[in-house]
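Respectively, the protein sequence lines represent chains A and B.
Just so you know, the numbering used here puts the end of the first sequence at 177, numbered straight through with nothing missing.
Just so you know, the numbering used here puts the end of the second sequence at 609, numbered straight through with nothing missing.
For reference, the structure is listed below as structure tokens.
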Amino acid sequence: MNAESQGHRNHTLVVTVENKSGVLARVASLFARRAFNIRSLAVAPTEDDHLSRITIVVDGESAPIEQVVNQLDKLINVVDIQDLQPGRAIERELMLVTVAVEPEHRDDIVEQLDRAGGKVMSVGADSMMLSLVGDPEHIDTFENLLRPFGILEIQRTGRVALANLDETIE
Amino acid sequence: MKTDGGQALIRSLEREGVEVMFGLPGGAILPVYDPIIDSKIRHILVRHEQGAGHMAEGYAQATGKPGVAMVTSGPAATNIVTPLCDAYLDSIPMVVITGQVPTAAIGTDAFQECDTTGITASITKHNFLVTEAQDIPRVIREAFHIATTGRPGPVLVDIPKDIVDPTNPRSSLELEDNVEMDLPGYKVDTSVDPEAIQKAVELIQNAERPILYVGGGILKSRAAESLLELAELTGIHVVTTLMARGAFPDSHELCLGMPGMHGNFTAVTAMQESDLLITLGARFDDRVTGKLDEFAVSAKIIHIDIDPAELGKVRRPDVPIQGDCRTAVEAMVSVLRDSGPGDADRTAWKSRISGWQERFPLVYEPSTPGQALKPQFVIEKLRDATPADTIVASGVGQHQMWASQYWTFNHPYTWINSGGLGTMGFSIPAAIGAKVGCPDKMVWAVDGDGCFQMTAQELVTARVENIPIKVALLNNSYLGMVRQWQDMFYEERHSEVFLSKEIPDYKGWAESMGCFAMRVDDPDEVEEAIAQANEIEDRPVVIDFRTAAEEKVYPMVASGTGNSDVIVPPSQEKEIR
Chain A
8 MNAESQGHRN HTLVVTVENK SGVLARVASL FARRAFNIRS LAVAPTEDDH LSRITIVVDG
68 ESAPIEQVVN QLDKLINVVD IQDLQPGRAI ERELMLVTVA VEPEHRDDIV EQLDRAGGKV
128 MSVGADSMML SLVGDPEHID TFENLLRPFG ILEIQRTGRV ALANLDETIE
Chain B
33 MKTDGGQALI RSLEREGVEV MFGLPGGAIL PVYDPIIDSK IRHILVRHEQ GAGHMAEGYA
93 QATGKPGVAM VTSGPAATNI VTPLCDAYLD SIPMVVITGQ VPTAAIGTDA FQECDTTGIT
153 ASITKHNFLV TEAQDIPRVI REAFHIATTG RPGPVLVDIP KDIVDPTNPR SSLELEDNVE
213 MDLPGYKVDT SVDPEAIQKA VELIQNAERP ILYVGGGILK SRAAESLLEL AELTGIHVVT
273 TLMARGAFPD SHELCLGMPG MHGNFTAVTA MQESDLLITL GARFDDRVTG KLDEFAVSAK
333 IIHIDIDPAE LGKVRRPDVP IQGDCRTAVE AMVSVLRDSG PGDADRTAWK SRISGWQERF
393 PLVYEPSTPG QALKPQFVIE KLRDATPADT IVASGVGQHQ MWASQYWTFN HPYTWINSGG
453 LGTMGFSIPA AIGAKVGCPD KMVWAVDGDG CFQMTAQELV TARVENIPIK VALLNNSYLG
513 MVRQWQDMFY EERHSEVFLS KEIPDYKGWA ESMGCFAMRV DDPDEVEEAI AQANEIEDRP
573 VVIDFRTAAE EKVYPMVASG TGNSDVIVPP SQEKEIR
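And the structure:
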């Protein structure tokens, strides 16, 4: 019950669940029923076939985070919950984006993309599809950079996260 | 042992110690009903699936054992949704088995198919859709374990027909002697933190105006005796919430009765003025706190609950203690015995409490000759004419509040009601379930006429299955509590609350269902009617008491107002200054 856990910020929860049908629906339905807001969500299998990992970014303003954690923990299929502290976890998102770009501006874009660490996935007559992996702020920045060119289509994944190694060793 | 899913299901229930189940068969669950014929489990055939669910709840509340209900798919499953939600909100251990269409048909909108686990996910502690016959024994074990441990609650097991149908090869399984659970995400921690107990005890020792705020968790953890010890050791007054009536004897000098919207003035006010609320298995429900910002503003909070999600959900505790209530209470008693109850001066507090008790007792105006019966009078007569351990099951509304207020509950597990969900029609099936679980105790349903019309058909079940409950119908021809709100907050404009004075003929209806029935209009006939009812053991009894429609439940804290603004009965208004 320290001051920080009461703060109104986004929290990244890494929720390990049993890999069974309907578990994501239970988690989503809990958030809906308790009026907790989800900012982003990513689900994938883990190193253990029986478990999946759900990374949920929770709006800390919709409910105290400990209440979210406690309610989640009551779901029988939830095996473990980590509330990742900002700066103490590696967080990544993937963005796929198609930008309108005339052939004479392609080099500009590619240069920016190289600097950001992204890749060209596909090139059309007057558009390009790019991919970029990075932490959410990095992706935000690059997305803003592309805006003036004209974004035709964009798809960002939910955030995935793991605690820094020094955090996982207790 | 080689067997089929249906047999395995019934064997698994027997292994869990199930003695009785409530249900109604239908298409998808049919194969499971065949092995019931050869089982020693008593099956009670209900007339509506909602009845099966409430009976299982009443059974569980009266006995402490998990209630079991079994119904078919589709409409039967949706009919039992209300009892599931009721049991969820009141933390009642219950296992409900529903039939489902064959696995291959799931998702095709087959006849009597519905997404039962989807519909019930948010109103069960957990639910299962079993897709392999081999999983049935394990899932049944897990269902009972989840329902009965930690914070109890309802668990639903949805069983597709093909895995229980002996003519289908998919139903074949090997039934092992030992069934291992596989619940990696379910852990129950009942232990309590000794440091937190120490802190709690220090708060108790120094509090000048402490109150023991006791909720249903005390009953769930079988802690009534420990609570008595704690109260007597410390001399701290006790309030028992609607879910905890009977957890502390009403006749005890430290008992202040029920708090909340229709609580005793003293219980409400003592909590409001308290400097320490020792909260035991209660959850700061809005019906107890009134307007939250104004609730017990100067009180520190010790909050003990088995469910960590309750700690801080509504009111932030100064000392949160996660764990079993009885373990915690016993730990506090033990520390207090060693270190003493403290030397806080509570003389002034005690005299304030007795002052409130003197000035604001529960009162009603007796009826004048020719007037309809006063419902409170009927409850008092019933209370005085029945054994002390009589089980009272109530519906929801005015009659529920009067029953809670005017009955003297001196034994735990003698009060059964729908607290959280407020389910009208709860009382008759709940009373039936309680009587099945406690056949040697007298069981009275206290019901209203609105409630009665929702579930009265289960009196047929009661008669046919030989379950002699008694029903005190407080019949005022109105949806009384709604009428009271319209009287008080809608300028007495009565919208859709009048039922009918003469229809139905309750006596005739009850008789047609095989009950012994009486109608009582005159106060002088009340005692005799009750005495007669108490003599009848071979069938259910219904007494239609014609009560005064204008009677209101007092005291009252109006919705949205604070607990310092208690509305007292007109006769006490001058006292409030």
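Don't be surprised by glycine CBs; every beta carbon is placed ideally from N, CA and C.
Interface flag for serine 223 of chain B against chain A is unset, since no Cβ pair is found closer than 9 angstroms.
Look at histidine 158 of chain B: its C-beta is under 9 angstroms from a C-beta on chain A. Note: tryptophan 476 of chain B is bridge-paired with B:Val424 and B:Lys502 in the DSSP secondary-structure output. Contact fails between the region 239-256 of chain B and the region 388-396 of chain B, because fewer than three Cβ pairs, one in each stretch, are under 8 angstroms apart. A straight line joining the alpha-carbon of proline 110 of chain A with that of methionine 102 of chain A spans about 22 angstroms. Judged by DSSP secondary structure, leucine 48 of chain A falls outside any alpha helix (DSSP H) and instead within the beta strand (DSSP E) spanning 45-52. Contact check for isoleucine 45 of chain A against alanine 35 of chain A passes: the beta carbons are separated by less than 9 angstroms.
DSSP places glutamate 111 of chain A outside any beta strand (DSSP E), giving it a letter other than H or E. Between serine 36 of chain A and chain B, the shortest Cβ-Cβ separation is below 9 angstroms.
Listed by position along chain A, the residues whose Cβ is nearer than 9 angstroms to that of serine 154 of chain B are Arg33, Ser36, Leu37, Ala39 and Arg40.
Within the region 332-347 of chain B, the residues whose Cβ lies closer than 9 angstroms to any Cβ of chain A are, in chain order, Asp339, Pro340, Ala341, Glu342, Leu343, Gly344 and Lys345. For alanine 420 of chain B, the closest alpha carbon among the candidates B:Thr180, B:Phe409 and B:Tyr445 is that of B:Tyr445. Contact between proline 407 of chain B and tryptophan 439 of chain B does not hold, since the beta-carbon distance rounds to 12 angstroms and is not under 8 angstroms. Short of 7 angstroms from the beta carbon of glycine 482 of chain B, and not among the five residues preceding or following it, lie these beta carbons of its own chain, in chain order: Gly429, Met456, Leu511 and Leu531.
Taking the C-beta atoms as reference points, proline 57 of chain B is found nearer than 9 angstroms to threonine 104 of chain B. Listed in chain order, the positions of the region 205-220 of chain B with a beta carbon within less than 7 angstroms of a beta carbon of chain A are Leu215, Pro216, Gly217 and Tyr218. For serine 134 of chain A, no alpha helix (DSSP H) run applies; the uninterrupted beta strand (DSSP E) run containing it begins and ends at 134-141, by DSSP.
Taking each of B:Leu41, B:Gly49, B:Pro134 and B:Thr135 in turn and checking the Cα distance to methionine 102 of chain B, the smallest one comes out for B:Leu41. Contact between alanine 168 of chain A and alanine 96 of chain A is confirmed by a C-beta separation of about 5 angstroms, below the 8 angstroms threshold. For glycine 29 of chain A, a Cβ of chain B is located within less than 9 angstroms of the residue's own Cβ.
As the crow flies, the alpha-carbon of isoleucine 499 of chain B is around 36 angstroms from that of serine 203 of chain B. From the beta-carbon of threonine 149 of chain B, the residues of chain A found nearer than 8 angstroms are Gly29.
Neighbours of isoleucine 178 of chain B in chain A, taken as residues whose beta carbon is under 9 angstroms from its own, are Ile83 in chain order. For leucine 259 of chain B, no Cβ of chain A is located within less than 9 angstroms of the residue's own Cβ. At least 9 angstroms separates the CB of leucine 121 of chain B from every CB of chain A.
Around the C-beta of alanine 299 of chain B, 16 or more other C-beta atoms lie within 10 Å, and the residue is accordingly described as buried.
When secondary structure is reduced to three states using DSSP, glycine 90 of chain B falls in the helix class. Per DSSP, reduced to three states, the secondary structure at aspartate 282 of chain B is coil, with no helix or strand assignment. If the five residues before and after alanine 279 of chain B are omitted, its C-beta is found closer than 7 angstroms to the C-beta atoms of Val246, Ile250, Leu251, Ala256, Leu259, Thr272 and Pro444, all from its own chain and listed in chain order.
DSSP, read as helix, strand or coil, puts methionine 486 of chain B in helix.
The beta-carbon of glutamine 89 of chain A is placed no less than 9 angstroms from the nearest beta-carbon of chain B. Residue B:Thr95 holds the alpha-carbon nearest to the alpha-carbon of isoleucine 464 of chain B among B:Val211, B:Thr95 and B:Asp36. Judged by DSSP in its simplified three-state form, histidine 269 of chain B adopts strand. A residue is called buried when at least 16 other Cβ atoms come within 10 angstroms of its Cβ; arginine 16 of chain A does not meet this threshold and is exposed.
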